[in-house]
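Enquirer: Input: one structure, supplied below.
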Amino acid sequence: MNVSAESVLEQAQGMEPGFVAACFIMAVCFVVGTPGNLLVVWTILRHVKQRSHTVLLIMHLAVADLLVVFTLPLWIYSFVWSWVFSEVVCKAMVYVIYACMYASIFLITIMSVERFLAVRYPFASAAWRKKRMLNKILMVLWVASFLFSVPVIITQSVDKYEGQDQCLFREYKSSTQEAVLLLLETLVGFAIPFSILVICYGCLYSRITQMSLRSKRKSTLLIASVVAVFALCWIPHHITNILSLVYLVLEGSEEGTDIEDVRAAMHMISSSLVFVSSTINPVLYVFAARSFRTSLRDTGIHKLFRHMSSTVMGEGNRELSFVSKRQSSQTNTSQCCIESKAHIDLLVDICNNAATDEDI
């Protein structure tokens with residue numbers, strides 16, 4: 239497929255500003271996100287042998303982000319020219335993106351709950367790590383993500399936009415179906431998980447500043463920054479969903495027309511920000527790993543992930559050893575009490591025997 243630079247420039251000059259901005263954002267996301275997420279996955283697989291739960295969740299999050307950024311060249315080409323692929327490819331691509339959206343928010347939620355347990359309930363957290371349930375949880379998570387994305391296969395379609403085919407449209411059988419699917423996407427894909435995140439970090443706020451272990455505090459703040467960036471990138475998309483719901487209620491009125499105009503104006507930029515969330519996490523890891531760098535070329539990411547794994551495992555060992563020491567201390571104390579009681583009983587018996595001899 240040979241496309242000259244002049245033809246691309248001419249085509250771009252005729253595009254809407256929203257399409258131009260979307261193409262620019264997507265190009266930056268592809269250039270940054272692809273090597274960044276590949277680096278994260280390769281680093282964890284190659285350099286981190288003993289992986290904590292948090293590091294494994296980060297690796298799965300990077301895999302989900304990679305699947306999303308791999309679709310960006312197709313989007314950019316379709317925006318500049320048109321959708322030249324089949325409707326099946328359109329449905330499959332959007333399906334993968336939505337499955338990764340659900341997987342990302344589920345992974346971030348589990349990551350945050352794990353941090354919450356590690357900080358507030360360390361003994362329960364140590365027991366959870368010992369049970370090694372993470373693989374089963376991850377399997378359920380990915381299956382649920384692909385199941386919740388099935389409505390995309392049913393509704394996504396290719397249609398004309400300014401004379402060109404584009405993979406940007408949803409076809410619903412009724413307004414009720416549209417309302418139900420939009421509510422399901424926003425509630426399951428954002429509102430409910432984000433409420434859990436707010437509760438977890440709201441409860442942790444006072445504890446984070448009081449943590450004695452600096453490494454534990456850094457891990458918690460890193461995960462909190464991942465959550466914050468994800469929220470900022472996905473909130474506009476779910477606002478457009480809410481505007482669509484409001485439009486269904488006010489359809490036919492002047493207010494409904496104004497809301498639909500706002501939603502249409504937000505659609506391209508909000509959809510582009512979705513790809514930013516799949517790009518920014520490796521950048522956050524690089525900033526968090528600055529203290530582990532030994533040279534300009536060294537990112538320090540592998541040392542960060544090793545440190546996170548060793549810190550979490552060390553916390554568990556310290557917690558378990560503390561339990562053992564406490565139990566040992568209790569055992570020693572009880573033994574001392576028993577021995578002291580035996581000595582007292584012996585002295586009492588001696589005194590009683592002496593008194594008896596005197597009476598005789």
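Start counting at 1 in the sequence shown, then tack on 238, and there's your number in the numbering used here. Just so it is clear, CB atoms sit at the ideal spot from N, CA and C, and this is done for glycine as well.
Flag this pair as touching only if the region 377–385 and the region 338–351 have three or more C-beta atom pairs under 8 Å; answer yes or no.
Expert: Yes: the two stretches touch, three or more of their Cβ pairs being nearer than 8 Å.
Enquirer: Could you give the residue range of the beta strand (DSSP E) that holds residue 406?
Expert: It spans 402–408 - the beta strand (DSSP E) in which residue 406 sits, taken as one unbroken run.
Enquirer: Does the beta-carbon distance from residue 302 to residue 278 come in below 9 Å?
Expert: No, the pair does not count as a contact, with Cβ atoms beyond the cut-off.
Enquirer: With distances taken between CB atoms, is the gap from residue 477 to residue 508 smaller than 9 Å?
Expert: Cβ atoms of residue 477 and residue 508: closer than 9 Å.
Enquirer: At the level of alpha carbons, what is the spacing between residue 337 and residue 387?
Expert: In a straight line, the C-alpha of residue 337 is about 5 Å away from that of residue 387.
Enquirer: If you draw a straight line from the C-alpha of residue 288 to the C-alpha of residue 429, how long is it?
Expert: In a straight line, the C-alpha of residue 288 is about 34 Å away from that of residue 429.
Enquirer: Take residue 332 as the anchor and find which of 310, 514, 286, 424 has the nearest alpha-carbon.
Expert: Checking every option, the nearest Cα to that of residue 332 belongs to 310.
Enquirer: Cβ atoms of residue 320 and residue 402: under 9 Å apart, would you say?
Expert: Closer than 9 Å, so yes.
Enquirer: From residue 483 to residue 417, what does the alpha carbon distance come to, in whole angstroms?
Expert: When rounded, the distance between both Cα atoms is 6 Å.
Enquirer: Roughly how many whole angstroms lie between the Cα atoms of residue 347 and residue 432?
Expert: If you take the alpha carbons of residue 347 and residue 432, they lie about 8 Å apart.
Enquirer: Tell me the DSSP secondary structure of residue 411 in three-state form.
Expert: Note: residue 411 maps to coil in three-state DSSP.
Enquirer: When the Cα of residue 399 is compared with those of 408, 392, 391, which residue comes out closest?
Expert: Here the closest residue by C-alpha is 408.
Enquirer: Under the three-state reduction of DSSP, which class applies to residue 383: helix, strand or coil?
Expert: Three-state DSSP puts residue 383 in a helix.
Enquirer: Between which two residues does the alpha helix (DSSP H) holding residue 399 run?
Expert: Not the alpha helix (DSSP H): residue 399 falls in the beta strand (DSSP E), residues 394–399.
Enquirer: Going by beta carbon distance, what residues of the same chain come within less than 7 Å of residue 420, once the five residues before and after it are set aside?
Expert: Once the five neighbours on either side are set aside, the close Cβ partners of residue 420 are 479, 482, 483.
Enquirer: Examine the Cβ distances between the region 352–360 and the region 321–328 and report whether three or more of them are shorter than 8 Å.
Expert: Contact fails: fewer than three Cβ-Cβ distances are below 8 Å.
Enquirer: Select from 412, 513, 544 the residue whose C-alpha is nearest the C-alpha of residue 335.
Expert: Checking every option, the nearest Cα to that of residue 335 belongs to 513.
Enquirer: Please classify residue 467: does DSSP put it in a helix, a strand, or coil?
Expert: Looking at residue 467 - three-state DSSP - the assignment turns out to be helix.
Enquirer: Look up residue 321 in the DSSP assignment and say whether it is helix, strand or coil.
Expert: Coil at residue 321, not helix or strand.
Enquirer: Whole-angstrom Cβ separation of residue 422 and residue 354, contact assumed at under 8 Å?
Expert: Not a contact, Cβ separation roughly 26 Å.
Enquirer: Rounded to whole angstroms, what is the Cα-Cα separation between residue 497 and residue 439?
Expert: Their Cα atoms are separated by approximately 34 Å.
Enquirer: What does the alpha-carbon distance come out to for the pair residue 501 and residue 541?
Expert: Each residue's alpha carbon lies about 44 Å from the other.
Enquirer: Might you give, ordered along the chain, the residues of its own chain that have their beta carbon closer than 7 Å to the beta carbon of residue 372, omitting 5 neighbours on each side?
Expert: Cβ within range, chain order: 291, 294.
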